[in-house]
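Structure first, commentary second.
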Amino acid sequence: MLRTILLGSLMLLSSMSLFASTYPVHISGNTAETTITLPGGYEVDVALTFENVMGLTAQNINISAYVANPLSADISSRLASQLISLQAAYPVVIRIEPLANSGFSFSGPLVIDLHTHNLQYSLNTPLRLYKSHDGAAFEDITVATGAGSIRTRGQVGNLSDFIIVADVRPVAQVINQKALKLEQQLNNFASQIAPELLTALQQSVSIIRSECGAVRYPQALSEIKKLQKLISNANAAQIPNVWRSARDIDNVSGMLTASAETLAYSLRLAI
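Sequential numbering of the sequence shown, starting at 1, is according to my numbering.
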């Protein structure tokens, strides 16, 4: 047992830089921004934009980062495929973990933007923004990429670790996996959603999966818009829509919206 614990500790240390630290955060309205610099010349601008937020202060948001070993089990075991990889040119893990007792909360989806000069944008870039919640598997949350040198944007309904990876999987595979995740996510939260709304959401997600499977991507995109309208028009009594630092409730609305939006991103790439 002791040997196992020691090996696990060594593995964790091998995957992390000793320079993990927190960074000053600038708050303006519903936006929080910071610039992260790490030894090795790694730098990234981070911006968080909230629809509605309470308790947003530089102290509460608690942003840190570390340099990871791209080949470490702590990273590779949490990626779904060997075709997804953390890049040696930018092996940075960003952790956004508001303090549990801070009273911080937000509703709906949160938009996160990362901008780094350590990676270069190119047409049809495979670079994607991934997120892991509470040490679980990393998942694609990308909703946009752009030049300068690389800008990535994602949507989330909760907070934890963020990385930029190269994902060279076929886009059809990505689409089908994202559609499946959306369906599984809805099923997992079914007990928290009002019955009438749940039925409408299930019907919509079923159509999305069917259209994606049949490679009718424009039709799938059209149905995603209907799904997102159903979610945005619902109130908190119909579907939970708040994440808070106490981590005692699920932001179901934000997570479903974010999953639908990253699926829409992949569909647009395929059309």
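Ideal Cβ placement from N, Cα and C applies to all residues, glycine included. Model, not experiment: these values are computed from the prediction.
query: If you compare alpha carbons, which of L114, T145, H115 and L110 is closest to S122?
result: For the options L114, T145, H115 and L110, the alpha carbon positioned closest to that of S122 is the one of T145.
query: Hey, L227 and L201: beta-carbon distance below 8 Å or not?
result: Contact flag set, yes.
Three-state secondary structure (DSSP) of P218: Three-state result, P218: helix.
- prompt: Alpha carbon to alpha carbon, what distance is there between G213 and L269?
  reply: C-alpha separation (whole angstroms): 16 Å.
message: Taking the alpha helix (DSSP H) that I150 belongs to, which residues open and close that run?
response: No alpha helix (DSSP H) contains I150, which is instead part of the beta strand (DSSP E) from I150 to V156.
- prompt: Beta-carbon separation of A30 and T49 under 8 Å?
  reply: It is Asn, not Ala, that sits at residue 30 in the sequence shown. Closer than 8 Å, so yes.
field: For P91 and N188, the rounded distance between their alpha carbons
entry: Between N188 and P91, the C-alpha separation is close to 32 Å.
Where G103 falls: helix, strand or coil (DSSP): Residue state, collapsed to three classes: coil.
- prompt: Using the C-alpha atoms, what's the distance from I150 back to Q219?
  reply: Each residue's alpha carbon lies about 30 Å from the other.
query: Taking just the CA atoms, how far does Q120 sit from S85?
result: Computed Cα separation, rounded: 16 Å.
- request: Please look up how many angstroms separate the CB atoms of P126 and G157, rounded, as I've assumed it's under 8 Å.
  value: Going by Cβ atoms, the distance from P126 to G157 rounds to 25 Å, so no, they are not a contact pair.
message: Rounding to the nearest angstrom, what Cα-Cα distance links A89 and L99 in this structure?
response: Whole-angstrom Cα-Cα distance: 31 Å.
- prompt: Going by the beta-carbon positions, is the gap between L182 and A260 smaller than 8 Å?
  reply: Judged by beta-carbon spacing, A260 lies within the 8 Å limit of L182, meaning their Cβ atoms are closer than that value.
task: Give a yes or no on whether the C-beta atoms belonging to Q155 and T34 are separated by under 8 Å.
output: In this structure, T34 does not lie closer than 8 Å to Q155 by Cβ.
- prompt: When you compare only the Cα positions, how much space is there between V165 and G135?
  reply: The C-alpha of V165 lies about 17 Å from the C-alpha of G135.
query: Roughly how many whole angstroms lie between the Cα atoms of S222 and G40?
result: Each residue's alpha carbon lies about 45 Å from the other.
message: I'd like the span of the beta strand (DSSP E) that includes I27, first residue to last.
response: H26 to S28 is the extent of the beta strand (DSSP E) around I27.
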